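The structure under discussion appears below in the form of structure tokens.
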Amino acid sequence: YVDWIAPYDASIAHIGGSAAALTEVRNGSYRDIDQFFNAPYYWRATDRAAPHNVYTSFDKLDTLRTAKGKTSSTFESSPRKDELTPAKITAAREKGTVAANSLSLDISSGQFHVEYAYQVDTNTYKRSQGGVEHLDREDGLIAPKVVVAIKVPMSIEMEDGYREQITTTGSGQAYVFQDGTVIEGRWKRDGEKSRLILTDADGKEIALNRGQTWITAVPDNKGVTWQ
């Protein structure tokens, strides 16, 4: 997560981490707001079992960032666009745009297998995990406007325990799902401070629909399928 967030000059709220991640986030290059050192700005819920019951809020984090004098960020955003209307989506499909009404992301075991179902009425993708709808307890069904899958090298290595190692720089296959269609292209990140760039088959950067975007790093030996 530290690698992915590096280009955005963001404050990093977390509760501990692996030895390698903690070494990186505490090297002076990041806005580290670890719960271990800022406990008053976090709390533990009593209706969920520890250790996965730590919460915070935007109000608390804004107060903490203000106290530390970190109230703005400088970064380059990805290009965005207006989403297509239902009529334009139909026209695009009639002209040969590749439709994608259901997506399948083979991440690891069946328990974590991800599927998305396109909802034409809202132009969103209803997310399922392990064969059931993926629900946020407070906000209900998770249904982003854009789904992105990138194929990356992954391995399991021993650090302070077995840790998943994900290659976050370089380039590879990318799939962008929006407006009920799929664009097959490439992703690239030149370095740790470079943002993720998604390009189409012609090398042009892909503009994403405004709204929530979910990006999944899929092991390069696993599949991304749709129909």
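First residue of the sequence shown: 363, per my numbering; consecutive thereafter.
All C-beta atoms, glycine included, are put in the ideal place defined by N, C-alpha and C.
No experiment lies behind these values; they were computed from the predicted model shown.
Own chain residues within Cβ distance below 6 angstroms of residue i, not counting five before or after
i	result
R551	T531, L558
D468	K584, G585
Y404	Q397, V416, T418
Own chain partners of residue i with C-beta closer than 7 angstroms, once the 5 adjacent residues on each side are dropped
i	result
A462	Y480, F539, G542, T543, V544, W588
G472	G492
D562	I545, G547, I568
T433	R427
L503	K488, E495, L497
Strand pairing of residue i, partner residues [DSSP]
i	result
P581	V514
K550	S533, I559
A461	T543
R632	Only positions 363 to 589 of the chain appear in this structure, which leaves residue 632 out of reach.
Q527	S517
I395	A375
N571	K443
T587	S466
Whole-Å CB distance - residue i paired with residue j, under 8 angstroms assumed
i	j	result
S435	D365	That pair is no contact at about 17 angstroms.
P581	M516	4 angstroms
Cβ pair residue i, residue j closer than 8 angstroms
i	j	result
I374	R393	yes
L570	A536	no
P448	V476	no
A368	K555	yes
K450	N485	no
Spatial neighbours of residue i in its chain, beta-carbon cut-off 8 angstroms, leaving aside the 5 residues before and after
i	result
L318	Here the chain has residues from 363 to 589 only, and residue 318 is not among them.
G553	T531
N357	For the chain, the structure presents residues 363 to 589; residue 357 sits outside this window and is missing.
Quiz item: How about the segment 572-580 and the segment 507-515: do they share at least three Cβ pairs that are nearer than 8 angstroms?
Solution: Under the 8 angstroms Cβ criterion, the segment 572-580 counts as touching the segment 507-515, having at least three qualifying pairs.
Quiz item: Just checking, does the segment 444-451 make contact with the segment 523-530 on the three C-beta pairs under 8 angstroms criterion?
Solution: No: the two stretches stay apart, fewer than three of their Cβ pairs being nearer than 8 angstroms.
Quiz item: Below 8 angstroms, can you find three or more Cβ-Cβ pairs linking the segment 412-423 to the segment 539-551?
Solution: No contact exists between the segment 412-423 and the segment 539-551.
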